[in-house]
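*Asks:* Starting off with a structure, shown below.
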Amino acid sequence: MAAMRPAVIALSLAVGVVLADSAVVTLALPDILRQYETTVGGVSWVLTTFNLVLALAAVPAARLCVRRDPGALGAVGLVVFAACCAVCAAAPSLGVLLAGRVGQALGGAVVIASCLELLVAATGSEPRGAARWAGAGVAGAALGPVAGGLLTQAISWQSIFIFQVPVVLAAVPAALALRGRAGRDHDPSLPSDRPHLAANAALALISAALTAALFLLVLLLVEGWQRSPAQAALIVTVIPVAALAAGPLARAARAGTRSEAVAGAIAVAGGLAALALLPGAEAVWTLAPQALVGLGLGLTIDSLTAVALRDRVPRALHGGWTIAARHGGIVVGLLILTPVFTADLRDARAPAQEAIAAQVLDSRLPASSKLALAEGLGEQLADEGGRVPDLAPAFSAADLPAAQAARAAALERGLDDQLERAATGAFRDAFLLAGLLALLAVVPALFLRGRGER
Amino acid sequence: MSRRAIALPLAALVLAGALLGAYALAGGDDYSEVQGAADPCAARASVDRPVAPELEALAERVVLVGLDETACSLGVSRERLVLALPVAEDRRALAEELGISEDELGRELKAGLGRAVDRLDRAGRLPRASALLPAIVAELDLPGFAEDLVDAIPDQTVDSLVPTGPVLRRAVRSLDVQALLDGLGDSDQLESMLRDAVEEAAQEEIRARLLDELPESVRGLLGE
């Protein structure tokens with residue numbers, strides 16, 4: 000079948016947008032948290048719900064695509080996904096937002112499964128179609144947080160969902176045009192190949208670890224270090240850029256999929272461990288670990304997905320398994336890591352407050368100024384709601400005389416430094432744990448030769 | 000595994016190891032530690048500095064040393080004590096943690112302030128009343144003739160009538176600690192409470208010292 004360029008572009012974009020949703024709201028989480036007055040643990044469900052439902056629905060949706068026409072199913076999935084995006088954008092409460100995320104994941108599962116077949120049909124080649132599908136997914140997952148952060152800063156977190164609607168709906172004509180032409184190369188009555196256990200297990204573990212790289216790093220930047228979503232978006236761009244650089248590197252190395260997957264898992268683990276050892280709260284310290292994580296991402300996801308799909312039928316079903324593994328891994332990552340860092344954040348509270356008290360007491364400001372500051376600082380600390388407090392309003396409210404400005408500024412810097420240290424420390428165990436998950440991915444990756452390379 | 004296949008994981012391992020080593024050397028190992036609370040029983044540079052001859056600075060120093068004294072005797076950090084005192088619920092929690100009642104906590108605080116005055120007095124850190132007087136007069140915004148009158152009083156007389164140490168001890172003894180704690184959230188109320196306590200103590204000290212100078216017969220006539 001001749002390549003249908005516009006259809007390939009529209010369908011690839013749809014795949015990218017759906018899989019970007021896995022992490023697109025990461026940088027919007029602090030804003031969502033404030034709007035719905037919930038906790039860090041509560042807001043993490045905005046990510047968890049989508050990934051959990053997508054993981055659970057991916058294989059059933061893929062089975063449906065094997066039995067029914069992927070063109071028609073894909074169109075339905077795209078419309079459901081777009082409608083649920085609108086629900087998320089207009090959600091008056093966290094409950095409605097979570098319900099919208101469930102709908103997005105259900106529609107998204109059908110979109111992802113059907114688009115694998117549709118892209119193969121549109122490109123006229125199984126390897127090219129599958130590579131397009133996997134590449135669009137990796138690009139979406141890697142660029143999602145960046146796009147989400149920029150939209151949150153420029154407009155609002157709701158705009159993330161609004162912008163997805165036209166992009167996804169633009170693929171509906173392409174899906175309808177391919178009705179009856181996709182997924183015809185497999186007889187549904189024939190037995191299916193078993194899913195590639197090692198590749199899918201490695202995908203799950205790497206995805207769990209990558210959750211940390213994006214979710215934890217973004218929270219550390221925005222909540223812990225008080226960077227804006229746009230700044231955080233720019234900072235975490237290093238991961239997708241490094242992931243793109245991994246392709247040429249892998250091609251030049253010609254080391255084989257097992258070697259790429261093992262090296263990628265080690266790189267992700269090393270990058271995450273370095274994020275646990277940050278020597279300062281400046282964004283520059285996160286760049287090298289992010290580059291290592293990005294290189295690892297580029298080396299692992301592509302090669303593992305290719306191994307999981309290679310020569311296995313039905314294609315859509317195995318595509319479904321890779322999505323289930325990746326998003327199941329993300330859910331496991333969120334479920335393991337969120338309690339760890341929220342507990343560490345809670346434990347860091349008392350020492351941080353004591354450090355703040357010590358610096359205020361020992362500062363060279365007059366007693367009346369210290370008392371005025373203490374009132375404001377007390378309010379900020381009381382209003383933290385499980386988050387890292389912003390102390391700047393306390394200094395503005397104290398309205399200290401100009402003669403004390405230099406000392407007040409030095410004190411504010413000192414207090415911010417203590418908070419940044421406490422926040423950085425609170426994320427340390429979660430980053431280390433995530434690094435361990437990435438390192439565990441080396442074990443299944445070592446089993447890739449044989450079935451994986453048949 | 001071929002040499003080519005081993006090279007890529009090995010390169011990743013070297014990169015990761017180099018990055019971790021560099022970050023550990025740059026201080027990543029202990030960056031996330033916040034400033035720990037100092038031992039309240041040990042000397043502290045910030046409280047051993049000379050006290051400026053102003054009531055506010057003097058009151059602050061007495062409170063800071065008092066907090067150290069109280070924290071030391073209770074076996075908690077000064078910061079833990081400071082964070083717990085302004086909020087009734089936190090005070091209760093601290094008292095419970097220490098196995099004492101809230102009243103006992105208040106008494107400990109009062110005793111700590113008393114010991115602070117003694118410690119500062121012994122160390123010669125309490126400014127003389129004559130040194131404090133110009134700032135007090137300036138704050139009172141007295142008419143010109145009254146200021147001239149106060150200026151005319153010899154420093155020696157001022158220092159003998161209102162010696163700083165005894166006045167502060169008297170002020171601490173008369174403090175209503177519960178009211179003081181309840182007013183911690185309002186800096187204006189706290190300031191006026193402390194000022195009233197010091198003024199009252201100063202008046203009582205002057206009265207007591209003047210009476211001491213009088214012959215016993217005259218004191219009897221005054222009903223003392």
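Residue numbers (numbering that gives the first Met the number 0), protein chains in the order written: chain P, 0 to 453; chain W, 0 to 223. The beta carbon of each residue, even a glycine, is placed where N, CA and C say it ideally should be.
If we count the other Cβ atoms within 10 Å of its Cβ and call it buried at 16 or more, is A115/W buried or exposed?
*Replies:* Buried.
*Asks:* Are at least three pairs of beta-carbons, each pair with one atom in the segment 350-368 of chain P and one in the segment 433-447 of chain P, less than 8 Å apart?
*Replies:* Taking 8 Å as the limit for Cβ pairs, the verdict is that the segment 433-447 of chain P does not touch the segment 350-368 of chain P.
*Asks:* Among E55/W, Q202/W and D140/W, which has the Cα closest to the Cα of S173/W?
*Replies:* Answer by Cα proximity: Q202/W.
*Asks:* For S216/W, decide whether its Cβ has a neighbour in chain P, counting only Cβ atoms nearer than 8 Å.
*Replies:* Chain P contact via Cβ: absent.
*Asks:* Within 8 Å, do at least three Cβ pairs link the segment 293-306 of chain P to the segment 259-268 of chain P?
*Replies:* The answer is yes - the segment 293-306 of chain P touches the segment 259-268 of chain P, with three or more Cβ pairs under 8 Å.
*Asks:* Where L175/P and G327/P are concerned, what is the direct C-alpha to C-alpha distance, given to the nearest angstrom?
*Replies:* Their Cα atoms are separated by approximately 30 Å.
*Asks:* Along the segment 329-352 of chain P, where does the CB come closer than 7 Å to a CB of chain W? Name the residues.
*Replies:* Per Cβ criterion, the list reads P350, A351 and Q352.
*Asks:* Contact criterion: CB-CB distance below 8 Å. Does T423/P meet it with respect to chain W?
*Replies:* Yes, T423/P lies at the interface with chain W (some Cβ there is under 8 Å from its Cβ).
*Asks:* What would DSSP say about M192/W, mapped onto helix, strand or coil?
*Replies:* The answer is helix: DSSP assigns M192/W an H, G or I state.
*Asks:* What span of residues does the alpha helix (DSSP H) with E419/P cover, start to end?
*Replies:* Per DSSP, E419/P belongs to the alpha helix (DSSP H) from A404 to L439.
*Asks:* Only counting the same chain, and skipping five residues up and downstream in sequence, which positions put a Cβ closer than 6 Å to that of L276/P?
*Replies:* Closer than 6 Å at Cβ, skipping near neighbours: no residue.
*Asks:* Grab me the residues of L104/W's own chain with a C-beta within less than 6 Å of its C-beta, minus the 5 sequence neighbours each way, in chain order.
*Replies:* So the list reads A94, once near-sequence residues are dropped.
*Asks:* Quick one: list the residues of chain W neighbouring V261/P, beta-carbon separation under 7 Å, in chain order.
*Replies:* Going along chain W in sequence order, the residues near V261/P (Cβ under 7 Å) are P8.
*Asks:* Along the chain, where does the alpha helix (DSSP H) containing S43/P start, and where does it finish?
*Replies:* It spans V39 to R66 - the alpha helix (DSSP H) in which S43/P sits, taken as one unbroken run.
*Asks:* Whole angstroms is fine: what's the gap from G15/P's alpha carbon to T47/P's?
*Replies:* Distance between the alpha carbons of G15/P and T47/P is about 19 Å.
*Asks:* Determine whether the Cβ of A70/W lies closer than 8 Å to any Cβ atom of chain P.
*Replies:* No, no contact with chain P.
*Asks:* With 8 Å set as the bound, which would you pick, yes or no: does the beta-carbon of I322/P sit closer than that to a beta-carbon of chain W?
*Replies:* Output row for I322/P: interface = no.
*Asks:* Tell me whether E281/P is buried or exposed, calling it buried when 16 or more other Cβ atoms sit within 10 Å of its Cβ.
*Replies:* That one is exposed.
*Asks:* Kindly confirm or deny that the segment 309-323 of chain P and the segment 263-277 of chain P touch, where touching means at least three C-beta pairs closer than 8 Å.
*Replies:* At 8 Å Cβ cutoff, the stretches do not touch.
*Asks:* Mind pulling the alpha helix (DSSP H) runs of 4 or more residues that sit fully within the segment 150-204 of chain P?
*Replies:* Taking only runs of at least 4 residues, the alpha helix (DSSP H) segments lying wholly in the segment 150-204 of chain P are 157-168 and 171-176.
*Asks:* Please decide whether P85/W counts as near chain P, where near means a Cβ-Cβ distance under 8 Å.
*Replies:* Output row for P85/W: interface = yes.
*Asks:* Cβ of E55/W less than 8 Å from any chain P Cβ?
*Replies:* Taking Cβ atoms only, chain P reaches closer than 8 Å to E55/W, which makes this a yes.
*Asks:* According to DSSP, simplified to helix, strand and coil, what is S124/P?
*Replies:* Three-state DSSP puts S124/P in coil, outside helix and strand.
*Asks:* Is the Cβ of Q177/W closer than 8 Å to any Cβ of chain P?
*Replies:* Closer than 8 Å: no.
*Asks:* Return the Cβ separation of W224/P and I31/P in integer angstroms, given the expectation that the two are a contact with Cβ distance under 8 Å.
*Replies:* Actually they do not touch by this definition, with Cβ atoms about 19 Å apart.
*Asks:* Suppose you measure from the CA of A6/P to the CA of Y22/W; what does that come to, to the nearest Å?
*Replies:* Cα to Cα, A6/P sits roughly 47 Å from Y22/W.
*Asks:* Could you check which residue in A307/P, A90/P and A404/P has the C-alpha nearest to that of L202/P?
*Replies:* That would be A307/P, whose Cα lies nearest to the Cα of L202/P.
*Asks:* Compute the Euclidean distance between the alpha carbons of L364/P and D29/W, then round it to the nearest angstrom.
*Replies:* Looking at the two C-alpha atoms, the distance is approximately 29 Å.
*Asks:* Using DSSP with H/G/I as helix, E/B as strand and the rest coil, what is W284/P?
*Replies:* It is helical.
*Asks:* Could you check if L248/P belongs to the surroundings of the ligand MG, using beta carbon to heavy atom distance under 7 Å?
*Replies:* You won't find the ligand MG in this model; it holds no ligand whatsoever.
*Asks:* Can you give the Cα-Cα distance for C87/P and Q34/P, rounded to whole angstroms?
*Replies:* C87/P and Q34/P: Cα-Cα distance of roughly 13 Å.
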